[in-house]
Amino acid sequence: MVNVTLDGKKIQVEEGTTILQAADKLDVKIPTLCYHPLLDPYAACRVCVVEASVKGKTDLVTSCNTKVLEGMEVKTASERALKARKLNVEMLMAQAPAAEPVKEIAKELGITKTRFEIKDPNEKCILCGLCVRTCTDVVGAEAISFIERGKDRTVAPPFNEPSEACIGCTACAYFCPTQAIVFEDKYGREIIHDELHLGPVTAIRVPIRQAVPMVPFIDKDACIHFKTEQCKLCEKVCEPEAINHAMEDEVMEIDVGSIIIATGYDIFDAKKNAVYGYGRLDNVLSGLDFERLCNAGGPTGGNILLKDGRKPESVAILHCVGSRDRNYNEWCSRVCCMYAMKFAHLVREKTGAKVHEFYIDIRAFGKGYEEFYNRLMEEDVIFIRGKGAEVTDVAETPEEEGKLVVVCEDTLLGLVRRVPVDMVLLGNGLEPRRDADEIARKFNIGCSHEGFFLERHPKLGPVHTASDGIFLAGACQGPKDIPDTVAQAGAAASEAMAMADRGTFELEPITSFINEELCGACKTCVALCPYTAITFDEEKNVSVVEEALCKGCGTCVAACPAGAATQHGFDDEEMFAEIEGALSVV
Amino acid sequence: MPKLTVEDLKKIREKTRRTTMLREGGEHRAKITVHMGTCGIASGARDIMNALIKEIEARDITDVILTNSGCAGLCSREPMATVEMAGKAPVKYVDLTAEKIKEVLEKHVLGGKIVESYALGIGSEKTDLS
Amino acid sequence: MDSANFEPRIVGFLCRWCSYTGADLAGTSRMKYPPNLVPIRVMCSGRVDPTFVIKALKEGADGVLIAGCHPGDCHYTSGNFRTLGRYTLLQIMLEQLGVEKGRVKLEWVSASEGDKWARVVKEITEEVRKLGALNWDGVVEQTKQEVAECADEKVKI
Amino acid sequence: MEEKEKAYRLHLMVCAGTGCVSNHAFEIKGALEKEIKKQSLENEVLVVTTGCNGFCERGPLLVVQPGNIFYQQLTEKDIPHLVEEHFLKGRPVQKLMYTPPKEKTPIPVLSDIDFFKGQVLIALRNRGLIDPEKIEEYIARDGYTAMAKALNEMTPEGIIEEIKKSGLRGRGGAGFPTGVKWEYVRNAPSTNGGVKYLVCNGDEGDPGAFMDRSILEADPHSVIEGMVIGAKAIGASEGFVYVRNEYPLALSRLNLALKQAREYGLLGKDILGSGFNFDIKVHRGAGAFVCGEETALLHSLEGRLGEPRPRPPYPAEKGLRDQPTCINNVETWANVPVIISRGANWYSSIGTKTSKGTKVFSLVGKINNTGLVEVPMGISLKEIIYNIGGGIPEGKEFKAVQTGGPSGGCIPKEKIDLPIDFESLTEAGSMMGSGGMVVMDEDTCMVDVARYFLSFTQDESCGKCTPCREGTKAMLSILTRITEGKGTEGDLVLLRDLAESIKDSALCGLGNTAPNPVLTTMQYFMEEYETHIKDKKCPARVCRQLNTYIVDENTCVKDGRGCDLCKRNCATDAILGEKGKAHRVVQEKCIKCGVCYDVCNFNAVKIE
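Quick mapping for you: the protein sequence lines, in order, are chains C, R, Z and W.
With my numbering, the residue at position 140 of the first sequence is 142, and numbering never jumps.
With my numbering, the residue at position 113 of the second sequence is 115, and numbering never jumps.
With my numbering, the residue at position 136 of the third sequence is 140, and numbering never jumps.
With my numbering, the residue at position 397 of the fourth sequence is 957, and numbering never jumps.
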C-alpha cells in the first residue's frame, strides 16, 4: 500500500494505482480525453496533467499513466497544471471545434473561445488514438492507424483505402469519444427495417428479447475475439468472471428411450418469386418480418412504421405466397389465411391504415376462425378475391407515385386491378426444413415427397414413425397451426412417455437372423441394412443381426447369396409354401 | 575464416605495426630519405627506392620509415639518400647503387655503423619544406 | 385355349405398408377388379427374392406382380430401391428363358391408392390373359436344350 | 590476411566521409591511383580511404603519411601535379595546403592547423588513420583489446563500475550517466528467460549534426566493440543498431564491419573463446526525427508506428519487446572501448566535475571552419568558435550560437565564455543535445531563427500529444505572424505561455525541448521581438516583409547610370524610372520580394 496526498486529502491505495484512479477514489475529478479505463493509458491529450511532488521534486505529469509513489503529493488543479491543461484544451478547441467532450471540458475550465486558428469548424477528431488503440490492442485487426505526422496526423486505413484488414466490428466508432467515426451500412440501408435482419446487434446478446431463459450468449460469428483472438473486453468488465471464451461447443451423447422430432418448418423465401419484389422493394415485408416489426420488443417498439419512419396509410396483405402454387409449393400451408387476417387486424388497430387482403379463398377452418373473418370484414378490411400477381413500384397514375402497387385479377369483379399501398405484407407459406432429408436419414424415418416427415399411418399412427420410439410433432410432419401442433405434440409426448414407462418394447416377431454356419462372410447384408442392424463379427467371421434394431423388412434375406439370412415368419420355405398354397387353389 | 583468440589479435597488431608507425609517426629506428628530384630520378633513384622497399619487405623490417624528397642540391652525386637514425644526426650517402643501399641498410640502419665509404658527410642543412 | 375364356393365375407380392394397405383400401372401398390375383404379403417389397417369382411361375402362375411403396416413401427407407434393382435383372433373365415380358411386373402402389391397385390388377390380368397360359415345362425343356447345345459347342471348341 | 605486410613509403589517406564523397572524393582517389600507376609508384605509394576527417569545410581532403601533410579542396586537375611533385619528387605542393583566413602562409602539417590543434580525440580516435573497411587496421590501432579485456578479465559488475567511475554520460543529449543506466538494465528482471537487449541509437535526426554518421563511417568497429562490452555488462545477447536510411555510406560500412567482425569471431558465439555470445543486427530507420527519441525508436524497431510512449516505464525496465533494453547513442558506444582499455581514471581526468571526457560537435553556420570537432568538456564556446572554428567569416560579428540541434537554445555573445558541459548549457536555456552547434553572425534575425527551428520541430512532431502537435503549430503561426509584421504585443505573452506550457506538458523530449529556441531568443533577444512588433522592423533585415526597399537616386544615377536592371526584374512593376535616370520604388505596389536588392550591382537599392 502506498500513502499519497491528493489535493490535501490523504489516501492509501494499492501499489501500481495511477493518480487518476486514486483521484477517482477520492471523487476528485480530473478531465480526460484520450483515456479509457479498458485501454492502456496513452498520455497523448495532456488534459489530465497534474502537479506531483515526490521527495521534493515537483513535476507536471499526466495522471492517466503516472503511478502513485509513497509520499507523493498531488495537486490536481495547481496553477501550473491548470495553465497547461487550459492551453491544451484551448488548442484542441481550435483543432477539433466540433468535438463535444472538448467543449464540455472547456466550459468547466471557463474557456469560452479559442485564440488559435481554426482550420475546419466541423472537425471532430481530437486524435486521441482511442480508435487506433482499440483496433490494434483490443480488436487486433490493425486496420486503422495514424498516418502522416505532426499537424497532418490523421487516422486512416492503409493508403487511405478501404482495408481488407477491417473486420467491420465498428469498435473504433464505439470507442470514439467525439463521434468522429461513424459507420454506415455498406448497402446504404437505413435503420428501421434492417434491424429486422442485420441491424446493429452486439456479439453478446440474448437470443430474442423474450427469450427463456434470459441468458446472454456470445455470437461466435460476430465476436471479435473469434476473428482476431484478441479483445476479451467482456471478460475484463464481467465481475463474476462468468465469461469463458475457451468454452467449446460440446457434443453430448445422451441415452434416451424415445425421441420426439419437432424440427418445425422453413418459411417460403419470397425472394424466389421475384414478382413480389421482396428484398428488392422497400416496405415489402415477409410474415416473420412483420411479426418482428410489430413486436413490442422489436426495433420500433411495436410501432408499425415504414422504412422512412412514417406510418403507413394503406397496407396490402397477400395470401398464398409460395403455397397452392404449382410453380413453388402445391400444398396449402394452412396457417397463412389466419395469420394474414391477424395482420390485418393489427394494422387496423395500430395504424388505422386501409387494409387490402388478396386471397384465393379464405380457409378459416378452425374454431372461431370464421367468426374472426367476419369480424374483420366489420373492421372494414377490404377483401379482394384474387391472388396478388405482382408488386411493383412503377407508377402508372399520379396516385401511384411513390407507392407500391399490387396488381391482381379480382375474380369477383372480373377485372385486373392495381391497388396502390404503402406497405405490402406477404403471407409466406410453410416448407419442410432444408435439412429434413438429413434428419430423416439419421432417424431412419421416411419423408413424403414434399419433404415433410412421414408418419407411420395417416390415421392410425399420426405421431409415430416407422422407427419405433421416434415420434413426430408439429410442422415437421406437415403445415400446422399452433393448436394442432400442441395437440400433436401432446400425443407424441404421451406415446413417448408410455413407451418409456413400460421400460421394454415389443419386437415384431419378424426379425431377421443369420445362420452362422451358412454365412459366407460376403458382407452383402451389412451394406444393405437400412437400420444398421447387421454388423460383421470379425472374430467369428460371420454377419450378426441385432434384433432390437431389425425392423424385419427382409431385404437382407432376399439378397443373401448363401441363404444364411433368414427372417422369422418369412423364410424361404414358408414363402415357397405360401406360393404353392396360393396356387394350389384352382 | 578461423575464429580469433586474444593472441591472434596481438599477432595482427604486430603484423600491421609498420602501417601504424608510418601513419602515426610512432617509434621508429630510422628514417631513410631517397632524394628524388629530376636529377635523382635520372641517375637511378627509383632503383634505389625499389631496392629499399624490396629489402625492407624481405627482412620484414617494421620500424624504418622510407620517404623521398626533392633534389638535395648535389645533382652530380645522385642518386643520394639520407639515413636518419633516431636521435642522431642524418647521414647523406651519395653515388648509390642498389647494392650499395642494401649495404647501407644492413650496416648502418640495422647495424648502427655508418658506411663511411659511401657517405658524403654527417649533418644536414636546415631543411625547409618550402 | 380361347384367350377370352382363359382365366390366368397371377401371384402378387405386396409390401405390408403400402401396397397391401392399398389393396385393403380397394377392398373396403368396394372397388371391382379381377379375382385372378392371389396376394402374398411380405414386410417389404425388398424381401421379394427373385426365386419367389420363379417358384410362382413353376408352381403354375401365369404372371407375377410385385408391388411396393413409391420410391422415397418406403417404410424401410430404401427397400423398394433394392426391389427395383433385382426386378430389372430378373426381367433380363426371364426374357432369356423365354418368358414374355408382360408376365412379371413391378408397380408402386401406396396405401391411399386403392383405385390404382384396382387398375394395376386389371391391367396385368388383361395382359397375361392375352399372353395365354404359361408353358413352364416348355420353358424348362427349351432351356435344357439350349444348355446342352452350349455344352456341345464348348466341347467342340 | 597476407603473410607479410607490404611495405610502402607513403600512405595517402583520402577522406571518404559523406562530405568529401559528395565533393567527389572517390573521383580524386581514382585519379590518384591512375596517376600513381602512371608514375609507376604503385609499389611505393598506397592510397587508403578513411572515414571523415572532420574538416568538412575544406573537402575533399588528403593527408599524406608519414609527415601528416594536409591537402585540401582538391580537384581532379590537381592530381597529376601533386603526384609528380610530392609523391615522386618529394616536394610537397604548397598551393594545395590549408591557409587560415586572414593569413598568407599555408600550414603544411595537419597537427599545426588550429582546427585540429584544440581537439582531443577519443570517440573519433581513429579518424583519418584507418581504412574503416579493413578490420585489421582497426585491430592494429589496439582495436578489440578493450573487448578482449572486458570479456576475459572483467566481471559485468566490474565493467559497470568502471564506466560509472569514468563519469561517462549519454552523448545522445540528455546526458544520463551511462554506467547507472547499464546497472538498471542489468538488474531489471526480464520476463522472457533473461533476455535483454542492447540498442545503438544512430537515428541522427538533427539537420546540423553528423557525428554519429561520421563515427559509423570512419570507425564502425569502435561502436561494435563498445556494444559487445556493454552487452557483457548488462547480459544481453542481441543488439541492434538503428541507423537512418539516409546514411547509405554509414550503413554499408557498418554492415561490412559487422560481417568482418563475425568472420573473425569477434561477434557471434563464444567471442574470443570467452564463452560469451552476442550479435548485432542493423535496422534501418526511415528518417523521422522523433525516432531518435528512445521509446519511439523502440516502437519503430518493433515495426510499429514511430511515436513515443510515456515514461516510466523506461526502456531500461521495459524496452524492446517489453524486455529490459539499454539504448545508447553511437558516440557513447564509441567511447566505451577507450574507457575500458585506458581506465576510468584517465577518462575522468578529462572534462569538468560533472561532465567527463570529450564531446563531438558539428560546427556549422556562419563560421570559417565548418566541420566535426571533438573537444574536452568544459572548453569554452569562445575557444570552439574562435580557435578551432576560426571565427566568423567576412569579419562579421558573432551574435549567437545555437546548440543541441533544432530543439536546443540560442546562446548570445554575452555568454561566449560559457564552459560547455551538460549543466551550463541547460542553465543557459539550451542543451547539449546531440552536439549540433550553429553559429550565427550579426546578419541573423533571431525571430526568424526561432521561426525556422519551430518549423522544423512542427514538421517533425509525431503529432501524438496535443501540446507538441498543436502547440508547435500555434507557436509557428505566431512567429510567422511576427516576422510578417502582423504581430501584436499580446502575441508575445501568448507565445511565452505556449512555450512554457509545451515545455512543461509535452509527452516526450521532442516536445519538451521544442520551445527552447523560442524561449532562449525571447530571453536574450527580447528587443528584437519588440522591434519586429512595435516598429515593424527587422534589425537584421532578414524578414523581408518588414523591409522597405528604396532606391538611392544618387547612387543609382552616379554609379549605375540608371541601369534599369531592378525595374526589369520587378515582378509587380513597382519600380519606376527610365534607363539612364534615377529609379524609385512605389511602396504601394512593392511586395517586398527583395529581387531589386539582390540584382542591383551598385548597392543603390537600400533597405530601410
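Cβ coordinates follow ideal geometry from the N, Cα and C atoms, glycine included.
{"Query": "According to DSSP, residues forming a beta bridge with aspartate 268 of chain C", "Result": "C:Glu433"}
{"Query": "Residues near glutamate 587 of chain W in its chain [Cβ-Cβ closer than 8 Å; skip 5 each side]", "Result": "Glu636"}
{"Query": "Asparagine 928 of chain W: contacting residues in chain R (beta-carbon distance under 7 Å)", "Result": "Going along chain R, no residue has its Cβ under 7 Å from asparagine 928 of chain W, so there is no contact; the nearest lies around 24 Å."}
{"Query": "Sequence-distant residues of the same chain with beta carbon closer than 7 Å to isoleucine 899 of chain W, five excluded per side", "Result": "Glu722, Ile723, Ser726, Leu728 and Tyr907"}
{"Query": "Whole runs of the beta strand (DSSP E) within the segment 350-388 of chain C, excluding any shorter than 3 residues", "Result": "356-361 and 384-387"}
{"Query": "Candidates C:Asp574, C:Ala560, C:Gly565 and C:Asp573: closest to serine 49 of chain Z by CA position", "Result": "C:Ala560"}
{"Query": "Proximity test, Cβ basis, 8 Å: leucine 1014 of chain W and chain C", "Result": "no"}
{"Query": "Bridge partner(s) assigned by DSSP for cysteine 760 of chain W", "Result": "W:Val801 and W:Asn888"}
{"Query": "Buried or exposed (CB count within 10 angstroms, at least 16 for buried), isoleucine 193 of chain C", "Result": "In this prediction, isoleucine 193 of chain C scores a pLDDT of 43, lower than 50, which makes its location untrustworthy; the coordinate-derived value is nonetheless stated afterwards. Exposed, by the Cβ-count rule."}
{"Query": "Aspartate 1019 of chain W: contacting residues in chain C (beta-carbon distance under 7 Å)", "Result": "Gly152"}
{"Query": "Start-to-end residues for the alpha helix (DSSP H) that takes in tyrosine 1084 of chain W", "Result": "1076-1084"}
{"Query": "Inter-stretch contact (C-beta, 8 Å, three-pair minimum) for the segment 416-431 of chain C and the segment 341-360 of chain C", "Result": "yes"}
{"Query": "Cβ of leucine 62 of chain C within 8 Å of any chain W Cβ", "Result": "yes"}
{"Query": "Cβ-based burial, alanine 74 of chain R [other Cβ within 10 Å; buried from 16]", "Result": "buried"}
{"Query": "Selection from C:Pro481, C:Val51, C:Cys531 and C:Thr34 that minimises the alpha carbon distance to aspartate 268 of chain C", "Result": "C:Pro481"}
{"Query": "Top-ranked residue by Cα proximity to glutamate 411 of chain C, from C:Arg135, C:Ala535 and C:Phe360", "Result": "C:Phe360"}
{"Query": "8 Å Cβ cutoff met for aspartate 1051 of chain W and arginine 1041 of chain W", "Result": "yes"}
{"Query": "Exposure of glutamine 625 of chain W, with buried meaning 16 or more beta-carbon neighbours within 10 Å", "Result": "buried"}
{"Query": "Any chain W beta carbon closer than 8 Å to glutamate 197 of chain C", "Result": "Model confidence at glutamate 197 of chain C stands at a pLDDT of 45, short of 50, so the residue's coordinates are unreliable; what they give is reported in the following sentence. Chain W contact via Cβ: absent."}
{"Query": "The segment 8-25 of chain R / the segment 60-76 of chain R touching (three or more Cβ pairs under 8 Å)", "Result": "yes"}
{"Query": "Environment of tyrosine 658 of chain W [buried if 16+ CB atoms lie within 10 Å]", "Result": "buried"}
{"Query": "Helix, strand or coil at tryptophan 742 of chain W according to DSSP, with G and I counted as helix", "Result": "helix"}
{"Query": "Residues, ordered as in the chain, of the segment 1022-1049 of chain W that lie near chain C by beta-carbon distance below 7 Å", "Result": "Cys1022, Gly1023, Lys1024, Cys1025, Thr1026, Pro1027, Arg1029, Glu1030, Gly1031, Lys1033, Ala1034 and Ser1037"}
{"Query": "Candidates R:Thr21, R:Glu26 and R:Ile50, of which the one nearest alanine 83 of chain R by Cα", "Result": "R:Ile50"}
{"Query": "Beta-carbon proximity check, valine 52 of chain C vs leucine 35 of chain C, cutoff 8 Å", "Result": "no"}
{"Query": "Buried versus exposed call for histidine 641 of chain W [16 or more other C-beta atoms within 10 Å across all chains shown]", "Result": "exposed"}
{"Query": "Residue range of the unbroken beta strand (DSSP E) whose run includes aspartate 61 of chain C", "Result": "59-64"}
{"Query": "Classification of glycine 786 of chain W by the beta-carbon crowding that lies within 10 angstroms, buried from 16 upward", "Result": "buried"}
{"Query": "Neighbour list for cysteine 78 of chain Z in chain C, Cβ cutoff strictly below 7 Å", "Result": "Gly448"}
{"Query": "Under the three-state DSSP convention, the category alanine 54 of chain C falls into", "Result": "strand"}
{"Query": "Where glutamate 877 of chain W falls: helix, strand or coil (DSSP)", "Result": "coil"}
{"Query": "Backbone CA spacing between methionine 561 of chain W and glutamate 713 of chain W [nearest angstrom]", "Result": "For methionine 561 of chain W, the predicted model reports a pLDDT of 39, less than 50, meaning its position is unreliable; a value from the coordinates is still stated below. Cα-Cα distance, rounded: 28 Å."}
{"Query": "Members of the segment 98-112 of chain R that neighbour chain W once the beta carbon cut-off is set at 7 Å", "Result": "none"}
{"Query": "Within-8 Å CB hit, leucine 200 of chain C to chain W", "Result": "For leucine 200 of chain C, the predicted structure reports a pLDDT of 40, less than 50, and the residue's modelled location is therefore unreliable. A value from the coordinates is still provided. No - not a single Cβ of chain W is within 8 Å of the one on leucine 200 of chain C."}
{"Query": "The segment 485-505 of chain C touching the segment 528-542 of chain C, judged by at least three CB pairs closer than 8 Å", "Result": "no"}
{"Query": "Proximal residues, the segment 649-677 of chain W versus chain R, C-beta separation under 8 Å", "Result": "Lys649, Gly650, Arg651, Pro652, Gln654 and Pro668"}
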